[in-house]
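Asks: Here's a structure for you.
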Ligand code: ATP
Ligand code: MG
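In UniProt numbering, the protein residues as written are 12 to 421.
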């Protein structure tokens with residue numbers, strides 16, 4: 012990456028008085044070592060944020076002070092952001108907020124990160140610097156805390172969820188036993204975290220290619236019920252066949268669909284969940300649309316399905332169909348009935364995905380023009396006309412509907 016090369020050259024330039032060093036760290040190093048795509052590039056440096064900004068400006072590179080109190084400056088080259096953060100050491104912490112000081116100590120910077128696989132550096136020549144044994148863990152896909160797991164979790168309880176999130180994405184085999192024990196022991200502390208941090212972490216976990224194993228372990232050690240008690244009775248058993256279905260049909264991993272698979276479709280409880288975890292309005296609306304949709308009868312006629320789409324909206328129906336398809340496909344092997352059901356559900360889903368809501372061609376102004384004074388009666392008439400139009404499969408056009416309206420008013 013030439014832009015990255017430019018930044019590293021800039022920050023490793025050592026002919027000034029304030030010479031310093033910069034290395035790529037975290038997810039970018041981890042993912043490139045694992046042969047996986049890299050999303051964002053984080054850079055750690057011994058230079059202070061002021062000097063980072065100074066050097067960037069002198070080189071004509073855009074510098075945005077995105078988190079000066081954490082020592083972070085974002086450098087932007089060709090629209091691509093690079094987060095440059097000055098090395099820090101923890102001064103004190105209460106498990107939710109860390110107090111940090113700038114430093115030039117690479118080992119201390121590594122040791123305040125959470126997991127060994129997240130604490131690897133790549134220097135300007137591309138050499139990997141491993142101060143915590145992360146390379147071996149990358150090799151074996153072992154998700155492990157740096158140092159004493161219980162202590163690291165006490166510093167920041169979000170690390171419980173990060174442990175399972177990184178296990179979901181990169182782990183293999185069983186989770187590290189010490190880490191798992193420490194997560195289990197500290198689980199009650201999860202409720203002290205802000206909803207935003209919990210949901211952001213849980214959303215990422217649910218967006219893993221296959222979150223099934225991580226969710227099983229989270230249930231096993233009662234971490235899941237701590238953050239998602241709704242999953243308690245409903246269970247996470249629907250996840251494996253849902254994930255298999257997503258893969259077979261080429262659907263992208265969808266955190267909300269996975270969430271819907273493990274909590275009950277109960278509008279009141281989902282509203283409470285959305286408020287508790289501070290889901291976005293759009294996310295809450297997606298869950299609500301699902302909860303407000305009755306299970307779809309896969310043998311319904313095509314006309315009845317169009318009417319259902321019109322009256323209910325497609326979103327909740329699609330969620331219903333995807334979940335039902337996951338369940339049916341999970342049971343389909345050797346079961347002709349479930350195989351046929353899967354085929355029917357798949358066809359309905361296709362239609363729901365392509366569906367465009369037909370436009371009701373009459374409005375309130377038409378009713379008023381037909382002689383009804385504006386008032387509640389206008390809406391009533393319009394609603395009943397629309398209902399009839401839907402019942403008759405959207406067959407009548409505007410002229411026919413207006414004729415019917417005039418007839419009714421005679
Ligand atoms: P990705 O961006 O792919 O989700 P990442 O590893 O880059 O993964 P970030 O959240 O961008 O994750 O954080 C960058 C790095 O900061 C991490 O790799 C880790 O070293 C450190 N880090 C982030 N959050 C924490 C935390 N809560 N405790 C300790 N270290 C953390
Ligand atoms: Mg990152």
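Note that CB positions come from ideal geometry on N, CA and C, so glycine has one too.
Looking at residue 281: is its Cβ nearer than 8 Å to the Cβ of residue 334?
Replies: No, Cβ-Cβ distance for residue 281 and residue 334 is not below 8 Å.
Asks: Can you tell me the Cα-Cα spacing of residue 185 and residue 312, whole angstroms?
Replies: Their Cα atoms are separated by approximately 47 Å.
Asks: I need the boundaries of the alpha helix (DSSP H) containing residue 209, first residue and last residue.
Replies: Here the alpha helix (DSSP H) through residue 209 covers 206-217.
Asks: With a CB to CB cut of under 7 Å and the five nearest residues on each side skipped, what residues in its chain are close to residue 359?
Replies: So the list reads 307, 309, 316, 332, once near-sequence residues are dropped.
Asks: With H, G and I counted as helix, E and B as strand and the rest as coil, what does DSSP make of residue 423?
Replies: A question about residue 423 goes unanswered here, because the residues of the chain that appear run from 12 up to 421.
Asks: Distance check for residue 70 and residue 243, CA to CA, integer angstroms please.
Replies: Near 56 Å, if we compare the C-alpha coordinates of residue 70 and residue 243.
Asks: So is the beta-carbon of residue 129 under 7 Å away from any non-hydrogen atom of ligand 1?
Replies: Yes.
Asks: If you run the structure through DSSP and keep just helix, strand and coil, what is residue 372?
Replies: Here residue 372 sits in coil by DSSP.
Asks: Tell me the rounded alpha-carbon separation between residue 154 and residue 114.
Replies: Their Cα atoms are separated by approximately 27 Å.
Asks: Hey, which unbroken runs of the alpha helix (DSSP H) at 4 residues or more fall wholly within the region 262-295?
Replies: List check, alpha helix (DSSP H) in window: 266-273, 278-288.
Asks: For residue 23, which option in 45, 101, 136, 80 has the closest C-alpha, if you only look at C-alpha atoms?
Replies: Looking at the Cα atoms, 136 is the closest of the given residues.
Asks: When burial is assigned at 16 or more other CB atoms within 10 Å of the CB, is residue 353 buried or exposed?
Replies: So residue 353 counts as buried.
Asks: Out of 141, 158, 178, point me to the one whose CA is closest to residue 152's CA.
Replies: Among 141, 158, 178, the Cα nearest to that of residue 152 is on 178.
Asks: Examine the Cβ distances between the region 78-97 and the region 51-58 and report whether three or more of them are shorter than 8 Å.
Replies: Yes: at least three Cβ pairs fall under 8 Å.
Asks: Run the Cβ filter for me: residues under 6 Å from any heavy atom of ligand 2, listed in the order they occur in the chain.
Replies: Result: 37, 38, 51, 53.
Asks: Between the Cα of residue 340 and those of 329, 265, 355, spot the shortest distance and give me the residue it belongs to.
Replies: If we check each option's Cα against that of residue 340, 355 comes out closest.
Asks: Quick one: complete beta strand (DSSP E) runs, 3+ long, within the UniProt domain "Poly A polymerase head" (33-155)?
Replies: Those beta strand (DSSP E) runs which fall completely within the UniProt domain "Poly A polymerase head" (33-155) and span 3+ residues are 33-36, 52-56, 73-78, 83-88, 91-97, 99-104, 109-113, 131-133, 139-141.
Asks: Can you list, in chain order, the residues of its chain with a C-beta nearer than 7 Å to that of residue 336? Leave out the 5 residues immediately preceding and following it.
Replies: Around residue 336: 256, 353, 356, 357, 360.
Asks: Taking residue 100 and residue 116 to be in contact with their CB atoms under 8 Å, please state how far apart those CB atoms are, rounded to whole angstroms.
Replies: Right, their Cβ atoms sit about 7 Å apart.
Asks: So does residue 167 have its beta carbon nearer than 7 Å to some heavy atom of ligand 1?
Replies: Yes, Cβ of residue 167 sits closer than 7 Å to a heavy atom of ligand 1.
Asks: On a Cα-Cα basis, can you pick out the residue from 66, 287, 62 that is closest to residue 82?
Replies: Minimum Cα distance to residue 82 is reached at 62.
Asks: Output the boundary residues of the alpha helix (DSSP H) element that contains residue 398.
Replies: Residue 398 -> alpha helix (DSSP H) spans 387-402.
Asks: Any chance the CB of residue 120 is under 7 Å from a heavy atom of ligand 1?
Replies: Checking every heavy atom of ligand 1 against the Cβ of residue 120, none is found closer than 7 Å.
Asks: Do you know offhand how far residue 348's Cα is from residue 245's?
Replies: For residue 348 and residue 245, the distance between alpha carbons rounds to 25 Å.
Asks: I'd like to know whether the C-beta atoms of residue 302 and residue 265 end up nearer to each other than 8 Å.
Replies: No. Outside cutoff.
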